[in-house]
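Taking it in order: structure first as structure tokens, then the write-up.
Numbering (the UniProt record's numbering), first residue to last: 1 to 123.
And the structure:
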């Protein structure tokens with residue numbers, strides 16, 4: 001009887017150890033699954049962060065390109081205005097020269113007419 005009781009006790013201890021081992025295995029498996037989920041979430045957050053960073057970078061590049069284009073357009077308009085202004089001055093100078101030439105031509109014509117009158121008067 002004592003031997004049977006010891007054997008039963010030993011068998012019960014074996015079963016208890018087996019149950020404990022199984023419980024530990026399940027707990028370890030669950031912990032590993034938790035770790036994996038946490039790693040997955042972290043990876044997903046990092047991916048989202050990277051996507052946002054790239055979006056912001058692209059948006060900033062686009063904004064910088066637009067600003068540069070605006071600056072280029074402003075420079076171009078300024079150059080065109082300056083060119084037109086200078087042409088305007090040149091046109092004014094040209095008109096002044098033309099007026100001076102016309103005046104000179106008029107004087108010359110008047111002078112010639114005077115001379116002819118004078119000659120005719122002398123005759």
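All C-beta atoms in this analysis are idealised placements derived from N, C-alpha and C, irrespective of residue type, glycine included.
The same chain holds no residue with a CB closer than 8 Å to that of residue 61 once the five nearest residues on each side in sequence are set aside. Following the DSSP letters along the chain, one finds residue 65 inside the alpha helix (DSSP H) bounded by residues 2–122. When the five nearest sequence neighbours on each side are left out, no beta carbon in the same chain lies closer than 8 Å to the beta carbon of residue 120. CA-to-CA, the gap between residue 52 and residue 33 works out to about 28 Å. The beta carbon of residue 81 is closer than 6 Å to none in its chain, skipping five residues each way along the sequence.
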